[in-house]
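Novice: Before I ask anything, let me first share the structure, which is written out below as structure tokens.
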Amino acid sequence: MSENRDQNHFDLKDLISLDTVRSKKSPSSWEEAVEQVGELLVNAGKVKPAYINAMKRVFKEMGPYAVIAPGIVLLHASPDDGVLSPSVGLITLSNPIEFGHSENDPVDIVIAFGAIDKHAHIAALKALAELLADHCYLQKIRSAQTDRDLLHAIVDEF
Amino acid sequence: MRIATLCGMGFGTSMMLKLFIEEILKAEGIKAEVIPWDLGSFKGQQADIIVAPVDMESHMKSTQSRVVLIKNLVDKAEIKEKVLQAIKDMNAP
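First to last, the protein sequences are chains V and B. Each residue of the first sequence is one higher than the one before, counting from 3 in the numbering used here. Each residue of the second sequence is one higher than the one before, counting from 92 in the numbering used here.
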């Protein structure tokens, strides 16, 4: 098995699209929020439906550490749980939801990603992390009122 | 020096943390091995410093390593401050 996987090297723009982002959703629970973002990836053909329950299970098993920063949860399960191709889904919420983190609740940005292995999506994940580290971009993401504006807020910086 | 980053599965947050820490170490000219761990496989492995999200504290009660807990995993300033402090503490006579 070769460690050189340049042909499987994805950028954020490759993993996120108008199909995988939605702005200002209103789930009434954290489970519903996970379903809403998960369904985007399912409908885009990136993950199998079972991946949604897998993400919920992983979140419940691991504890709320996935709320990685104030207001932001990063969900994922394992490739074996039904990832078809690497992808990132992102929804913003008009009503923030508690995910159970001691410091970083409530959440208004719900991100789901599907990895196929430990390497292919790393550049995209790093790009996403850089984006989330920048308050200006977070502000743009949070204030996007349409799906298209949200997509532009995320990918136009690259 | 060996620094481990911890997350639930080794796919996401431990990788992100590893990338940020490597950047910080490079900028400071510090040499260290940075390894992503996941909860399932880290018992029995050794590291000088373990960097983990703040809600993972309970999984690390029995470790001998120096533990750094991060509240905001995308806050480079927090990661830099805490990791560099841990390294300094390690090297203190």
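Yeah, the Cβ is synthetic: ideal placement off N, Cα and C, and Gly gets one too. These figures come from a predicted structure and were not determined experimentally.
DSSP state of V125 of chain B, grouped into three classes?
Specialist: Here V125 of chain B sits in strand by DSSP.
Novice: At which residues does the beta strand (DSSP E) containing H103 of chain V begin and terminate?
Specialist: Careful: H103 of chain V lies outside any beta strand (DSSP E) and carries neither H nor E.
Novice: Of all the CB atoms in chain B, is at least one closer than 9 Å to the CB of R7 of chain V?
Specialist: Below a pLDDT of 50, predicted positions are generally treated as unreliable, and R7 of chain V, at 41, falls in that range; the measurement from the model is reported next regardless. Answer no: the Cβ-Cβ gap between R7 of chain V and chain B never drops below 9 Å.
Novice: Less than 9 Å between the beta carbons of V125 of chain B and I161 of chain B, yes or no?
Specialist: Contact flag unset, no.
Novice: Keeping to the same chain, check which residues put their C-beta closer than 7 Å to that of V2 of chain V; ignore five residues upstream and five downstream.
Specialist: In this structure chain V extends from 3 to 160, so residue 2 of chain V is not present and cannot be described.
Novice: Check whether the stretch 113-123 of chain V and the stretch 89-103 of chain V are in contact - that is, three or more C-beta pairs closer than 8 Å.
Specialist: Yes, since at least three Cβ pairs between the stretch 113-123 of chain V and the stretch 89-103 of chain V fall closer than 8 Å, the two stretches touch.
Novice: Would you identify the three-state DSSP class for I70 of chain V, choosing helix, strand or coil?
Specialist: Coil at I70 of chain V, not helix or strand.
Novice: Contact defined as beta carbons within less than 8 Å: I believe P124 of chain V pairs with P81 of chain V. What is the distance between those atoms, to the nearest angstrom?
Specialist: Residue 124 of chain V is actually Ile in this sequence, not Pro. That pair is no contact at about 14 Å.
Novice: Against chain B, does I74 of chain V count as a neighbour if the rule is that its beta carbon must be under 9 Å from one of theirs?
Specialist: So, interface residue.
Novice: I need the DSSP call for F115 of chain V, collapsed to helix, strand or coil.
Specialist: Correct three-state label for F115 of chain V: strand.
Novice: In terms of alpha-carbon separation, which member of B:D139, B:W128, B:H150, B:T154 lies closest to P66 of chain V?
Specialist: Closest by alpha carbon: B:H150.
Novice: Just how far apart, CA to CA, sit E5 of chain V and L86 of chain V?
Specialist: Reliability of the predicted coordinates at E5 of chain V is poor, the pLDDT of 42 falling under 50, and no value is obtained from them.
Novice: If you check the beta carbons only, do V75 of chain V and V69 of chain V fall under 9 Å apart?
Specialist: Yes, Cβ-Cβ distance for V75 of chain V and V69 of chain V is below 9 Å.
Novice: For chain B, is any of its Cβ atoms less than 9 Å away from the one on G40 of chain V?
Specialist: It does not; no Cβ of chain B falls within 9 Å.
Novice: Between the alpha carbons of E41 of chain V and K167 of chain B, how many angstroms are there, rounded?
Specialist: Answer to the nearest angstrom: the Cα atoms are 32 Å apart.
Novice: Are the beta-carbon atoms belonging to I140 of chain B and V159 of chain B less than 9 Å from one another?
Specialist: Taking 9 Å as the Cβ cut-off, I140 of chain B and V159 of chain B qualify as a contacting pair.
Novice: If the criterion is Cβ atoms closer than 9 Å, does the pair M92 of chain B and K128 of chain V meet it?
Specialist: No, Cβ-Cβ distance for M92 of chain B and K128 of chain V is not below 9 Å.
Novice: Closer than 9 Å by beta-carbon distance: list the chain B residues that pair up with A71 of chain V, in chain order.
Specialist: Here the neighbours are K162, N163, L164, V165, D166.
Novice: With 9 Å set as the bound, which would you pick, yes or no: does the beta-carbon of Y53 of chain V sit closer than that to a beta-carbon of chain B?
Specialist: No, no contact with chain B.
Novice: Determine, using beta carbons only, whether S25 of chain V and Q147 of chain V come nearer to each other than 9 Å.
Specialist: The answer is yes: Cβ separation under 9 Å.
Novice: What residues of chain B sit near Y135 of chain V, judged by a beta carbon separation below 8 Å?
Specialist: Correcting the residue type first, residue 135 of chain V is Ala in the shown sequence and not Tyr. Within chain B, the residues near A135 of chain V are V165, D166, K167.
Novice: How many angstroms separate the CA atom of V44 of chain V from the CA atom of L152 of chain V?
Specialist: Looking at the two C-alpha atoms, the distance is approximately 20 Å.
Novice: Determine which residues of the stretch 123-136 of chain B have a Cβ less than 9 Å from any Cβ of chain V, and write them out in chain order.
Specialist: For the stretch 123-136 of chain B, which is checked against every Cβ of chain V, the residues closer than 9 Å are P127, L130.
Novice: Going along the chain, which unbroken runs of the alpha helix (DSSP H) with 4 or more residues stay wholly within the stretch 12-54 of chain V?
Specialist: 14-17, 32-45, all fully within the stretch 12-54 of chain V.
Novice: To the nearest angstrom, how far is it from the Cα of H121 of chain V to the Cα of S104 of chain V?
Specialist: Roughly 31 Å separates the two Cα atoms.
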